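First up is the structure itself, then whatever we jot down about it.
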């Protein structure tokens with residue numbers, strides 16, 4: 001066997017740069033959110049979490065477009081998501097409103113972080129099996145969006161987080177539990193992003209960007225809260241009779257599948 005044949009049969013080592021660079025940017029944003037919240041810059045921390053969402057949405061799409069998917073990239077992306085959408089939102093909520101609540105405060109933050117880890121682990125085991133039209137449980141970026149937008153809006157209105165510690169703690173716990181629930185959330189993966197649309201749709205998109213830019217914190221809070229609430233509504237409407245399996249635990253009920 002020649003040296004050329006030997007080199008051709010040797011697996012290529014290394015990792016793809018572009019998608020993993022985007023994943024690293026998302027990881028950095030999540031870490032920056034933690035550091036900013038520790039220094040009392042809660043608006044910057046919330047914005048950093050939303051920036052991490054943008055990078056999280058880009059890395060997978062770029063990998064598919066450039067045919068650079070890899071097992072390493074998938075695992076790295078999952079670890080980065082745990083930091084950006086699990087640890088970061090939990091600590092931002094804790095530093096803003098829960099630090100003076102004693103055990104209730106740090107346990108509420110821990111419940112969110114633990115549920116994010118369970119949600120990501122369950123998602124990774126269901127890739128290629130689950131119905132792509134729906135997410136089982138609230139996706140961790142959306143759950144992080146609820147916490148981040150709430151902190152951002154509270155900061156914009158100059159609210160003192162510790163004054164609302166009980167409310168923030170309950171919201172943090174409920175949001176975490178939604179991640180590990182069986183409630184079905186629309187994934188919007190059936191939308192044809194490559195198809196043609198009327199000119200008026202483009203105009204509406206421009207107007208939406210203008211409205212969001214005028215009051216980003218309030219609008220993002222409304223969007224993510226409505227999305228978080230849509231899961232229970234979608235599930236209840238899609239089954240004949242609501243059962244425990246539709247909310248938590250085993251999801252193999254036939255009504256749930258249909």
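In the UniProt record's numbering, the protein residues as written are 1 to 258. A virtual CB, placed ideally from N, CA and C, is assigned to each residue, including glycine. Computed from a predicted model, the values in this text were never measured in an experiment.
Quiz prompt | Unbroken stretches of the alpha helix (DSSP H), 4 residues or longer, contained in the region 10 to 86 | solution = 17 to 38, 42 to 65 and 71 to 82
Quiz prompt | Top-ranked residue by Cα proximity to residue 95, from 41, 82 and 55 | solution = 41
Practice problem: Kindly list the residues whose CB is nearer than 6 Å to the CB of residue 220, restricted to its own chain and excluding five residues on each side of it in sequence; keep chain order. | Solution: 149
Quiz item: So what does residue 185 bridge to, in DSSP terms?
Solution: 135
Self-check item: residue 163 (DSSP reduced to helix, strand or coil)
Solution: helix
Self-check item: Continuous alpha helix (DSSP H) stretch holding residue 245: start and end
Solution: That residue, residue 245, is in no alpha helix (DSSP H); it is neither H nor E in DSSP.
Quiz item: Where does residue 141 land, buried or exposed, given buried means 16+ other C-beta within 10 angstroms?
Solution: buried
Quiz item: In three-state terms, what does DSSP make of residue 157?
Solution: coil
Quiz item: Between residue 232 and the rest of its own chain, which residues show a CB-CB distance below 6 Å, the 5 nearest in sequence each way excluded?
Solution: 183
Exercise. Look at the alpha carbon of residue 65 and the alpha carbon of residue 199, and state the distance between them as a whole number of angstroms.
Key: 26 Å
Exercise. Report the option in 161, 163 and 23 whose CA atom is closest to the CA atom of residue 59.
Key: 23
Quiz item: So residue 30 and residue 88 are in contact, right, with Cβ under 8 Å, and what is the actual spacing, rounded?
Solution: 4 Å
Exercise. Would you check if the distance between the CB atom of residue 146 and the CB atom of residue 74 is smaller than 8 Å?
Key: no
Quiz item: residue 202 by DSSP, collapsed to three states: which one?
Solution: helix
Practice problem: Can you give me the start and stop residues for the alpha helix (DSSP H) that residue 117 sits inside? | Solution: 103 to 126
Quiz item: Quick one: Cα of residue 153 to Cα of residue 159, how far?
Solution: 9 Å
Self-check item: Length of the line joining the Cα atoms of residue 15 and residue 77
Solution: 13 Å
Quiz item: In whole angstroms, what separates the C-alpha of residue 258 from that of residue 237?
Solution: Low per-residue confidence applies at residue 258: pLDDT is 46, beneath 50, and the placement is therefore not dependable, though the value from the model is reported in the following sentence. Taking the straight line from one Cα to the other gives about 11 Å.
Quiz item: Are at least three pairs of beta-carbons, each pair with one atom in the region 163 to 177 and one in the region 108 to 121, less than 8 Å apart?
Solution: yes
Self-check item: Integer Cβ distance of residue 37 from residue 91, believed to fall under 8 Å
Solution: 6 Å
Quiz prompt | Local conformation of residue 253 per DSSP, three classes | solution = Because residue 253 carries a pLDDT of 45, less than 50, the predicted location of this residue cannot be relied on, and no value is offered for it.
Quiz item: If you draw a straight line from the C-alpha of residue 143 to the C-alpha of residue 197, how long is it?
Solution: 30 Å
Quiz item: Going straight from the alpha carbon of residue 33 to that of residue 85, what length do you get?
Solution: 10 Å
Exercise. Just tell me which of 126, 68 and 132 has its CA closest to the CA of residue 17.
Key: 68
Self-check item: Three-state secondary structure (DSSP) of residue 149
Solution: helix
Exercise. Report, in whole angstroms, the separation of the C-beta atoms of residue 105 and residue 165, which I expect to be a contact under 8 Å.
Key: 6 Å
Quiz prompt | Alpha carbon of residue 222 to alpha carbon of residue 188, nearest angstrom | solution = 18 Å
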